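One structure is given below, encoded as C-alpha cells.
The following block contains the structure:
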C-alpha cells in the first residue's frame with residue numbers, strides 16, 4: 074500500500090470510529106505512544122479503543138469536539154515512515170484540562186510508524202507541539218524559542234572532516250552531543266540544502282530553518298549556556314531502509330535556566346523527553362529534521378494547570394472529561 078494513501082486512510086478512520094482506526098493496528102502485537110498526553114506503551118486493543126474514542130465524536134454539543142486532521146507529508150516506504158500532520162478541533166470545551174470553549178486552536182505533529190508485512194501498524198510514536206495550544210488558549214503563552222537567547226559567541230570546531238556515522242544510533246549520539254555543546258559542530262551535520270522545523274509552522278519565514286546562519290541563531294542558545302545547560306541523551310533509534318532516515322528518542326536535563334519558553338523556572342532543574350526525525354543525503358548529512366519536545370511535563374513542573382487524564386484506563390469515567 075502506498076503509505077501517503079495509508080496515512081489518509083488512518084486519519085479518516087479517526088473520524089469514523091475507534092474500532093475503524095484500531096483495525097489498522099496488528100492484532101498480534103503493537104506498541105502505541107502519544108507521550109504528549111502521557112500515553113506510553115499501550116499494547117492492547119481495548120485500551121487503544123478508549124484512546125481513540127474522543128476523536129470519533131460526532132456530537133458538536135457535548136464539549137468533546139469534532140477533530141479535524143490533515144496530512145502535511147509522508148516520508149518513508151511500506152514498512153517504516155513518518156507522517157507529518159496538523160490537527161484542529163471544533164466545538165471543544167476542554168483540552169489538557171484547559172477551558173478552550175470558543176477559542177480556535179490547533180497544532181502540528183509527527184507520527185512515526187513501523188508496519189508489518191500486512192501493512193498494519195506494529196509501532197507508533199506520536200508527538201506534537203503543545204506550546205502552540207497554550208499560545209492560543211492560555212493561561213500562559215510559551216515562546217517558540219526554548220531559551221529566548223541567541224549565542225553571543227559560536228565556537229569554531231576544529232575536529233576531523235565529516236564522516237558518515239556507522240549507525241543511526243551513532244549519528245543520534247553525535248547530533249545530541251553537538252546540540253547541547255557545540256553549534257558549529259552541529260551545523261556540520263547538515264547538507265548544503267536542508268530543512269529544520271522545531272515548532273508548529275505558522276510562517277515558513279520564521280519557523281523553518283534552511284541555512285546555517287539561521288540554524289545557529291535559532292538553536293545556538295541551547296549550546297551557549299547563556300540560559301542554562303542542556304544535556305541530551307539519545308535513548309532509541311528507529312531506522313528506515315539502510316538508515317537513510319529514522320527517528321531519535323532522546324531525553325534532556327536542563328540545569329541553571331532562568332526561563333523555559335519564556336516561563337520562569339524558579340531555579341528548578343527540568344527534565345523531559347523529545348523526538349527528532351532525520352532524513353539523510355547520500356553522504357549521511359541531514360536534509361530534513363522534524364523535532365518535537367514533550368513540553369507538557371515541563372509545563373506541569375512549572376505550575377501550568379495542564380491536566381492529562383488517563384481516560385483509556387478501563388475504569389475511567391468518561392463523563393469527567395466533559396465541562397462542569
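Numbering (this note's numbering), first residue to last: 74 to 397.
Built from N, CA and C at the ideal position, the CB exists for glycine as well.
Note that the coordinates shown come from a computational prediction; the quantities given were computed from them, not determined experimentally.
Grab me the residues of residue 398's own chain with a C-beta within less than 6 Å of its C-beta, minus the 5 sequence neighbours each way, in chain order. An answer regarding residue 398 cannot be provided, because it is not within the stretch 74 to 397 covered by the chain.
When burial is assigned at 16 or more other CB atoms within 10 Å of the CB, is residue 131 buried or exposed? Here residue 131 refers to the residue found at position 58 when the chain shown is read from its first residue. By the neighbour-count rule (16 or more Cβ atoms within 10 Å), residue 131 is not buried but exposed.
Which same chain residues, not among the five before or five after residue 328, have their C-beta less than 7 Å away from its C-beta? Counting from 1 along the chain shown, the entry for residue 328 is found at position 255. The residues are 301, 302, 342.
Closest Cα partner of residue 144 within the set 205, 213, 157: Here residue 144 corresponds to residue number 71 of the chain shown, with the count starting at 1. Of the candidates 205, 213, 157, the one whose C-alpha sits nearest the C-alpha of residue 144 is 157.
Does the separation of the CB atoms of residue 142 and residue 160 fall below 9 Å? For the purposes of this step, residue 142 is identified with residue 69 of the chain shown, where counting begins at 1. For the purposes of this step, residue 160 is identified with residue 87 of the chain shown, where counting begins at 1. Cβ distance < 9 Å, so residue 142 and residue 160 count as in contact.
Can you tell me whether residue 262 is helix, strand or coil according to DSSP? Locating residue 262 in the chain shown gives position 189, where the first residue counts as 1. Coil, per DSSP.
Going by the DSSP bridge assignment, what does residue 307 pair with across the sheet? Walking along the chain shown from the start, residue 307 turns up at place 234. According to DSSP, which records beta bridges pairwise, residue 307 is partnered with 323.
Taking DSSP's pairing of strands, which residues face residue 346 in a bridge? Here residue 346 refers to the residue found at position 273 of the chain shown. 324.
Among 335, 135, 170, the one whose alpha carbon lies nearest that of residue 379: Sequence index remark: in the chain shown, residue 379 carries index 306 (1-based). The shortest C-alpha separation from residue 379 is found at 170.
Express the C-alpha separation of residue 273 and residue 121 in angstroms, rounding to a whole number. By one-based count along the chain shown, residue 121 stands at place 48. By one-based count along the chain shown, residue 273 stands at place 200. Whole-angstrom Cα-Cα distance: 26 Å.
Can you give the Cα-Cα distance for residue 86 and residue 360, rounded to whole angstroms? Position 13 of the chain shown, counted from the first residue, corresponds to residue 86. Position 287 of the chain shown, counted from the first residue, corresponds to residue 360. Answer to the nearest angstrom: the Cα atoms are 32 Å apart.
Short check: CB of residue 200 to CB of residue 182, under 9 Å? The residue given as residue 200 occupies position 127 in the chain shown. The residue given as residue 182 occupies position 109 in the chain shown. Yes, these two residues count as a Cβ contact at 9 Å.
Rounded to whole angstroms, what's the CA-CA distance from residue 310 to residue 322? Just pull it up for me. In the chain shown, counting from the first residue as 1, residue 310 sits at position 237. In the chain shown, counting from the first residue as 1, residue 322 sits at position 249. Their Cα atoms are separated by approximately 6 Å.
In this structure, what does DSSP give as the bridge partners for residue 61? As shown, the chain starts at 74 and ends at 397. That puts residue 61 outside it, with no answer to give.
If you follow the alpha helix (DSSP H) that residue 254 is part of, which residue opens it and which one closes it? Locating residue 254 in the chain shown gives position 181, counting from the first residue. Where residue 254 is concerned, the enclosing alpha helix (DSSP H) stretches over 241 to 254.
Does DSSP put residue 127 in a helix, in a strand, or in coil? In the chain shown, residue 127 corresponds to position 54, counting from 1. Helix at residue 127.
Between the stretch 239 to 248 and the stretch 346 to 366, do three or more beta carbon pairs fall short of 8 Å? yes
For residue 376, which residues does DSSP report across the bridge? Looking up residue 376 in the chain shown gives position 303. DSSP output for residue 376 lists no bridge partner at all.
Could you check where the alpha helix (DSSP H) with residue 295 kicks off and where it finishes? As a position in the chain shown, residue 295 is number 222, starting the count at 1. Segment 285 to 297, the alpha helix (DSSP H) holding residue 295.
Are three or more beta carbon pairs between the stretch 250 to 270 and the stretch 287 to 296 nearer than 8 Å? yes
Name the two residues that bound the continuous alpha helix (DSSP H) containing residue 78. What you label residue 78 is simply residue 5 of the chain shown in a count that begins at 1. First-last of the alpha helix (DSSP H) with residue 78: 76 to 89.
What does the alpha-carbon distance come out to for the pair residue 192 and residue 151? Here residue 192 corresponds to residue number 119 of the chain shown, with the count starting at 1. Here residue 151 corresponds to residue number 78 of the chain shown, with the count starting at 1. Distance between the alpha carbons of residue 192 and residue 151: 7 Å.
Between residue 50 and residue 112, is the Cβ-Cβ spacing less than 9 Å? The shown model of the chain, from 74 to 397, leaves out residue 50, and the question about it has no answer.
Find out if the Cβ-Cβ distance for the pair residue 354, residue 241 is shorter than 9 Å. For this step, residue 354 is matched to residue 281 along the chain shown. For this step, residue 241 is matched to residue 168 along the chain shown. Taking 9 Å as the Cβ cut-off, residue 354 and residue 241 do not qualify as a contacting pair.
Integer Cβ distance of residue 76 from residue 149, believed to fall under 8 Å: Taking the chain shown and counting its residues from 1, one reaches residue 76 at position 3. Taking the chain shown and counting its residues from 1, one reaches residue 149 at position 76. Indeed they touch by this definition, with Cβ atoms about 6 Å apart.
Distance, Cα to Cα, residue 335 vs residue 190? In the chain shown, the residue the question calls residue 335 occupies position 262. In the chain shown, the residue the question calls residue 190 occupies position 117. Answer to the nearest angstrom: the Cα atoms are 46 Å apart.
Could you tell me the boundaries of the beta strand (DSSP E) in which residue 153 lies? The sequence position of residue 153 within the chain shown is 80, counting from 1. 153 to 163 is the span of the beta strand (DSSP E), which, as asked, contains residue 153.
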